[in-house]
Each structure stands twice: as C-alpha cells, then as structure tokens.
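2 protein chains.
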Amino acid sequence: MEHESLLMLPGPVPVPERVRMVMMRQAINHRGSEFGGIYADCVRILKPLFGTTADIFILSGSGTAAMEAAIANFGRDRKIAALVNGKFGERLYKISQRYGTAIEIGSPWGTPLNLEGLEAQLEGGAEMITLVHNETSAGIKNPAEEVGRLARKYGALFVMDGITSIGGDVVQTDAWGVDVAFVGSQKCLAAPAGLSAVAVNHRAWDCLCEKRPYYLDLASYRKSAGNMPMETPYTPAVALVLALREALLIIEEEGIAARIERHRRLSEAIRVAARAWGLPLFPVLDEKHTYSNTVTAIRYPAGIKDSEMRGRVKKMGIEIAGGQDQLKGKIFRIGSMGAVNAPEILATLAAVEHSLRKLGYLVKDNGIEAACEVLS
Amino acid sequence: MEHESLLMLPGPVPVPERVRMVMMRQAINHRGSEFGGIYADCVRILKPLFGTTADIFILSGSGTAAMEAAIANFGRDRKIAALVNGKFGERLYKISQRYGTAIEIGSPWGTPLNLEGLEAQLEGGAEMITLVHNETSAGIKNPAEEVGRLARKYGALFVMDGITSIGGDVVQTDAWGVDVAFVGSQKCLAAPAGLSAVAVNHRAWDCLCEKRPYYLDLASYRKSAGNMPMETPYTPAVALVLALREALLIIEEEGIAARIERHRRLSEAIRVAARAWGLPLFPVLDEKHTYSNTVTAIRYPAGIKDSEMRGRVKKMGIEIAGGQDQLKGKIFRIGSMGAVNAPEILATLAAVEHSLRKLGYLVKDNGIEAACEVLS
C-alpha cells in the first residue's frame with residue numbers, strides 16, 4: 001500500500017477504516033430486501049442531519065449531480081436567481097443557465113451575498129433561488145435562514161447546496177424554508193466520494209417539471225423508493241451505499257450535536273492559529289455571514305508561493321488546499337470536516353507554521369499554542 | 001459478514017476479492033498525479049476491450065448514465081432511430097424521447113431487429129441510430145456490424161450499448177463503424193457497480209450538441225482528461241475507479257481472447273443444458289442474430305411459477321434472474337459474465353435442474369451431463 005497523505009481538504013476527507021471495510025464485501029443484488037434495508041437506513045439517519053421530514057434520495061453521482069438534479073427537475077424554463085459569492089455558487093448559476101433563465105446575483109467571492117439584489121429579482125418574478133450554504137471556495141457560511149425567509153415571502157422555490165455543511169454544521173432544511181437540499185458523501189459525512197443525497201419537499205414536488213433528465217429524474221427515484229423493498233431506478237453504486245450507511249451509523253453514535261460542536265471547535269482552532277500568525281482570514285463578513293465551520297480560507301502573506309508552501313506541507317505528509325480559479329495563489333484552505341480530530345488539526349497547523357517560517361514569513365505569534373488553548 | 005448468494009445474474013456479478021480489496025484503501029485526492037495515473041490505466045486497458053482508438057471517459061454513474069450521456073451530447077433535437085427488441089433497447093428509446101425526435105423501430109422482444117425498418121428511417125433522414133449489442137432482457141445478441149454498415153452508408157451517428165458485451169464478447173467499435181459505445185462496470189468487467197465508460201470518436205465529436213447536460217457533459221470530460229494529470233470534471237467515485245483498474249488488470253492478465261472464449265464456452269454449457277432439459281431458449285434467431293454469450297434466457301415450461309423456481313434456487317445459495325416487464329414469469333435468465341467459472345455454472349445448472357424436477361417438470365435429459373461435455 002502506498003504512503004497516504006493526511007487529507008486536510010474541503011473534501012475528499014479521510015474515511016474511517018470501519019467505513020472502508022464494508023466495501024470489501026461481495027456484491028449483492030440491489031433489487032432485494034437487504035439492499036432496500038440499507039437504503040432505508042441511510043434515509044432514516046440523513047433526515048435529522050438535513051433537519052427535514054421530506055423525501056430523501058441517494059444518487060449514484062457526486063454533489064454536482066445533485067446540483068443538476070435540483071435544477072433540472074424543478075427549474076427548467078423557469079426564472080432562476082442564483083446567489084454567487086464563490087465557485088460553487090457560480091456552478092449552480094452555470095447549471096441554471098443550461099435549464100432556465102438564470103440571473104446571477106453576484107458579489108465578490110468571500111464577501112456577503114447581495115440580498116437586496118435577490119429581493120429585487122424576486123419582486124421581478126424569479127421562481128427559484130439557488131444558494132450555497134457553506135461556500136468552501138471562500139470559507140464563508142451564507143445566511144440560509146435569511147434567504148429562506150425571502151423565498152417564502154415571494155413564494156419562490158429555494159434550492160440549497162448543503163454539500164459541505166450537512167453533517168458538520170447546523171442545517172434546518174424544513175425550519176429555514178428550504179425546498180430542495182443536498183449533500184455530498186465525501187465531505188462532512190466522511191464516506192467515500194461518489195454519492196450524493198437530495199431532499200425534496202412537497203412544495204418542490206408541486207413544481208416538478210414535465211420535461212426532466214433521465215438518470216437524474218427525481219420522479220423515478222420517488223417511484224422506486226416507494227417500492228417494497230426500497231429501490232433506486234437504475235443500478236446504484238452498492239459498495240458506496242454500504243459505506244455511506246456505515247458512515248451514517250458512526251454519526252448516529254457520535255450524536256449530531258456533538259459532531260457539530262467538534263467541527264466548530266476544530267475550525268475555531270484553525271482560525272485562532274491564523275490570527276496568531278498575523279494572517280487574515282479570506283472572508284469579509286457582516287452580521288449575517290460567518291466563517292465556515294468546515295473549511296478555513298487564509299490569505300497568503302506577500303511573497304509566499306502557493307506551490308512552495310503546499311509542497312512543503314505535503315512533504316510532511318499532509319495535503320491542504322490552495323485557492324480555486326481566481327483565488328489561485330492568493331489563499332490556502334484547511335479542511336476540518338468529517339472524522340477529523342484534534343491531533344490532525346495540530347499536526348496540520350504545525351506543518352503550516354513551519355512552512356511559513358521556512359519560506360521567510362515572520363509569524364507574529366505561536367499559532368500552535370493558540371490552537372491548543374482552544375482544543376484543550 | 002452475512003451469507004452471500006452466488007450472483008448468477010446478468011449483472012451485478014461477483015467481484016474478485018483482489019478487486020474489492022483495493023477499495024479498503026484510504027481516500028486519495030482525485031486532483032493529483034496518482035489518481036491521474038489510475039484513470040489513464042483504465043483508459044489504456046479499456047481501449048482494446050472496446051476495439052477502439054477513440055477517446056474513452058469513465059463516468060461516475062451506471063450504464064444508464066452512459067446511455068443518457070451518448071444521447072444528450074450527440075442527439076439533442078435530432079431524429080433518432082431506436083432499434084428495440086428488448087428492455088434496454090426500449091430504455092434507449094425512452095431516453096431519446098427526452099432529447100430528440102425518437103422513432104421506435106421495434107420488433108417483439110427477443111426476435112430479430114427490424115433492419116428494413118431502420119433503413120427506411122435512414123432514408124427518411126434519421127441522424128442517429130441506437131442499438132443494444134447484447135440485449136440481456138431477452139438473451140439475444142444483435143448484429144452490430146450490420147447496423148454499422150447502414151449507419152456508415154447513410155452517414156448517421158451510431159450509438160451502441162455494449163454494457164453487457166464489452167469485456168465478455170467480441171466488440172469492434174472502430175471496425176463496425178460505431179461512433180459512441182459504452183460499458184458498465186458491474187457486468188463483464190466484474191468490477192463493482194456504479195461506473196460506466198464511454199468511447200467517443202471524431203465523427204461524434206463533429207456532431208457535439210451545443211446544449212448539453214452538466215454532470216454528463218462529455219465536452220467537460222474531454223477537457224479534464226486532457227489535463228496533466230488526467231482528471232474528471234467533477235469528483236469521481238475514487239474507490240470504484242481504483243476497483244475498476246484492478247478488475248481491468250485482471251482482464252489484461254487473462255487476455256481478451258481467452259476471456260471471450262471462456263464466456264462463450266460457459267454460456268454454451270448453459271444452452272446445452274437447457275436443450276437437454278427440453279426447454280426452449282427464449283430468443284428467436286435468424287442468420288444475423290445469435291444467442292448472447294453473457295446471459296442465457298430460457299422459457300419456463302407450463303405450470304412452473306417463477307417465484308417458486310427462483311426461490312428454490314436461492315435456497316441453494318444461488319441467485320438467477322427472472323424476466324423483466326412483459327417477460328415476468330415467462331422466462332428465467334442465467335448470467336455468465338465477468339469472473340464466472342465452470343464450477344459456478346455447474347452448481348447453478350444443478351440447482352436449476354433439481355428445482356425443475358421438484359416443481360414437477362419432467363426434464364427430458366440430464367442437463368448437467370450435457371454441460372460437462374462442453375466444459376470438460
């Protein structure tokens with residue numbers, strides 16, 4: 001077995017051994033009661049994580065497939081207001097362009113959403129809102145509850161990307177007025193990559209488009225999930241569903257509240273270390289926006305090259321993320337999602353601090369020490 | 001670990017331990033040289049299995065996702081002639097209806113294709129042909145080469161579903177004039193379910209539709225595959241890609257010709273046993289059509305109930321398939337694809353013959369004995 005880096009990325013994240021173990025199992029028939037029970041277990045445990053009593057379906061496709069399913073099933077030929085303050089907001093906008101009349105309501109990456117702009121579009125007849133709850137590209141958490149209030153006020157469908165928040169932060173799909181929400185397997189759930197889950201409520205079903213894609217046709221998913229045993233319309237990635245169930249059982253054992261608190265504390269340790277180093281966090285906040293609790297985006301000091309810094313950290317066995325697209329070279333990002341623990345955070349901060357020093361940046365203060373204060 | 005049935009289905013099929021083992025590995029970053037190399041290995045080994053030098057992409061979605069990718073990227077708003085003599089031909093027709101002007105060129109399930117009907121549609125301007133090479137619902141192998149000749153004669157794009165033939169039977173994508181072909185992971189390749197691979201040649205690229213889906217946008221796959229290291233546009237199911245590579249290495253070790261010969265011999269053993277029992281095979285052939293070499297469809301004798309027969313076989317630890325949709329209760333199907341071997345075939349035939357007897361069918365002759373003649 002090759003040497004594996006510790007992945008401190010905003011996904012994929014390390015997968016607990018217990019979860020990987022179940023994929024060793026021989027293939028089983030996905031049209032049978034055992035698989036139906038496994039699928040039902042997943043749905044049962046996902047509901048409180050989503051904060052919903054709505055339907056939940058597991059798609060054999062990544063979070064991007066779930067994004068497209070939401071828009072293609074409920075947004076075709078509709079006027080879609082896409083809130084964008086990072087890469088994944090932009091992706092929802094791009095997908096919306098392929099299906100409906102998409103309006104980008106943008107603000108610079110990592111800055112607060114333009115909620116006035118959203119309200120103007122809703123007054124102008126926008127029928128769907130897309131929002132990324134936790135924008136990993138910029139390390140900012142967007143005010144989903146606030147957006148939900150506007151959605152309900154104007155009767156627009158609210159599609160919320162919870163890919164990197166569900167399972168690691170507080171999400172209240174129903175209470176916030178979200179109509180369609182989704183999560184990815186390889187983020188806060190700490191399962192292997194390749195699956196996503198989509199929640200769909202009655203308001204969304206009432207808006208189901210007549211023309212829908214095939215593989216991602218959520219009406220087909222609904223029909224098959226109603227069978228006894230529960231099924232998927234097409235062959236699912238059985239090994240990944242088995243792994244997802246195991247990852248969800250671990251979450252159930254830890255408890256949702258404890259899991260969210262762990263994510264909060266570990267990300268706080270990273271933020272405190274960055275401040276000690278004298279490095280600003282990337283997001284620009286207002287009273288409605290907060291830092292992400294699952295990934296921390298930190299600005300590079302002048303003169304430090306991304307490839308050199310992340311290269312050094314990698315030599316110490318740890319992978320952290322750089323910036324994406326327009327943020328390449330400007331920020332680095334440390335993921336703190338999934339099964340992540342305090343020793344992993346400390347090791348990562350140690351490797352980062354050492355690399356900063358070696359590359360000539362005079363850290364203001366001892367970040368490790370500051371992080372220990374949070375973690376102890 | 002639960003007791004596992006021996007899956008003698010037309011997919012999913014048992015996955016060799018060596019293949020399942022690699023999924024135990026810790027998650028790796030899919031944006032890195034190691035994953036790029038794994039992806040490249042898969043493409044390299046798949047090309048001779050497809051019989052193509054064209055581009056091949058691995059999709060994180062089942063064979064149905066590959067079907068849709070073929071039609072959505074190259075058939076939108078076009079006139080599509082869908083050849084149908086079974087369930088999967090029908091599925092391609094249904095997907096075609098969602099994207100273009102679909103014309104069903106049907107013949108009863110399990111009977112020869114209506115090639116005269118196809119030629120008439122091509123004369124009438126059909127721009128795309130869809131064909132299932134190996135129609136598992138009926139156990140019939142369709143004359144892809146013949147269809148390819150018509151496609152080339154009329155300049156239509158030829159989309160061939162090789163989901164259950166590629167890796168288990170002779171497929172010559174390039175020589176037959178196929179423009180888009182695809183395979184599923186959990187069939188003849190004996191990898192876990194959840195992936196598919198699509199081959200796209202230059203004629204297809206020349207017809208790339210302007211409006212395309214997002215998750216299944218093959219232009220995005222082409223762009224990302226051109227990166228160094230090779231990438232997928234969205235997060236792939238990494239554990240399944242690792243497993244697919246291992247399954248393909250096993251195929252390379254066995255040799256393609258030897259593998260195809262094994263499939264031919266094992267399916268011949270099943271056919272010979274059915275004849276000995278006095279049970280007719282389901283397909284109605286002509287000089288252009290042959291029996292499938294990866295699944296055998298057998299008619300039930302009068303008075304034998306599908307659920308009882310398959311229930312008895314299952315009690316002996318073996319799962320065989322019934323008929324789908326209109327063929328429910330009329331036929332049973334024995335898969336012989338992937339890593340299947342002679343002992344598994346013999347055990348299956350023994351369980352079937354015993355169940356037939358117990359349910360009151362007087363088998364004409366000893367099917368096991370006849371099969372042994374083929375296998376020895």
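Heads up: the protein sequence lines correspond to chains A and B, in order. Residues in the first sequence are numbered from 1 upward in steps of one, following the working numbering. Residues in the second sequence are numbered from 1 upward in steps of one, following the working numbering. For every residue, glycine included, the Cβ atom is placed at its ideal position computed from N, Cα and C.
- When the Cα atoms are used, A/Ile251 and B/Asn227 turn out to be separated by approximately 37 angstroms.
- With respect to the C-alpha of B/His263, the residue from B/Val84, B/Ala342 and B/Ala70 having the closest C-alpha is B/Ala342.
- Runs of the beta strand (DSSP E) lying entirely within the stretch 78-158 of chain A, each at least 3 residues long, are 79-84, 101-106 and 128-132 in chain order.
- In the DSSP assignment, B/Glu319 is bridged to B/Leu7.
- Taken through DSSP and simplified to helix, strand or coil, A/Asp325 comes out as helix.
- Listed along chain B, no residue sits closer than 7 angstroms to A/Asn134 by beta-carbon distance, the nearest being about 16 angstroms off.
- Taking 9 angstroms as the threshold, the shortest C-beta distance from B/Pro229 to chain A does not fall below it.
- Assigned with DSSP and collapsed to three states, A/Thr294 falls in coil, not helix or strand.
- B/Thr164 places its beta carbon less than 9 angstroms from that of B/Pro10.
- Distance check between A/Ile45 and each of A/Ala302, A/Glu246, A/His30 and A/Gly124 places A/Glu246 closest, using alpha-carbon atoms only.
- Distances from the CA of B/Ala243 to each of B/Ala193, B/Leu208, B/Pro48 and B/Val352 were compared; the closest alpha carbon is that of B/Ala193.
- Among the residues facing chain A, B/Ile28 is included, as its CB has a counterpart in that chain under 9 angstroms away.
- If you look at B/Asp55, you'll find it in the beta strand (DSSP E) that goes Asp55 to Leu59.
- Under a 10 Å Cβ-count criterion, B/Pro48 is classified as exposed, with fewer than 16 other Cβ atoms of the shown protein chains found around its own Cβ.
- When CB distances to chain B are screened at a threshold of 8 angstroms, the residues of the stretch 310-332 of chain A falling below it are Glu319, in chain order.
- Among the residues facing chain B, A/Gly61 is included, as its CB has a counterpart in that chain under 9 angstroms away.
- A/Glu268 and A/Asn293 have their C-alpha atoms roughly 8 angstroms apart.
- When C-alpha distances from B/Ala120 are compared across B/Ile80, B/Ala258 and B/Gly100, the shortest belongs to B/Ile80.
- Comparing alpha-carbon positions, the option among B/Gly177, B/Trp205 and B/Thr232 lying closest to B/Ala197 turns out to be B/Thr232.
- What B/Gly51 touches in chain A, judged by beta-carbon distance under 7 angstroms, is nothing: the nearest beta carbon there is about 24 angstroms away.
- Of A/Met128, A/Ser224, A/Ala69 and A/Lys211, the smallest CA-CA separation from A/Gly177 is found for A/Met128.
- Secondary structure remark: continuous alpha helix (DSSP H) runs of at least 4 residues inside the stretch 323-372 of chain B, in chain order: 342-358.
- Within the stretch 170-196 of chain A, Gln186, Pro192, Ala193 and Gly194 place their CB atoms closer than 7 angstroms to a CB of chain B, listed in sequence order.
- At a cut-off of 9 angstroms, the C-beta of B/Pro213 has a neighbouring C-beta in chain A.
- In its chain, beyond the 5 residues on either side, Gly86, Phe88, Gly89, Leu92, Asn142 and Asp161 have a beta carbon closer than 7 angstroms to the beta carbon of A/Val132.
- By the beta-carbon neighbour count (other beta carbons within 10 angstroms, threshold 16), A/Arg271 is buried.
- DSSP places B/Val284 outside both helix and strand once states are collapsed to three, so it counts as coil.
- Taking 9 angstroms as the threshold, the shortest C-beta distance from A/Val340 to chain B does not fall below it.
- Sequence-distant partners of A/Gly167 (beyond 5 residues in either direction) whose C-beta falls short of 6 angstroms from its own C-beta, in its chain, are Leu49, Cys188 and Leu189.
- Rounded to the nearest whole angstrom, the C-alpha separation of B/Ala191 and B/Lys211 is 33 angstroms.
- For A/Ser196, there is no enclosing alpha helix (DSSP H); the enclosing beta strand (DSSP E) covers residues Ser196 to Val200.
- At a cut-off of 9 angstroms between C-beta atoms, A/Ser5 counts as an interface residue with respect to chain B.
- Secondary structure of B/Arg275 (DSSP, three-state): helix.
- The continuous alpha helix (DSSP H) containing B/Val241 extends over residues Val238 to Glu254.
- Taking all protein chains in view, the Cβ of B/Glu261 is surrounded by fewer than 16 other Cβ atoms within 10 Å, so the residue is classified as exposed.
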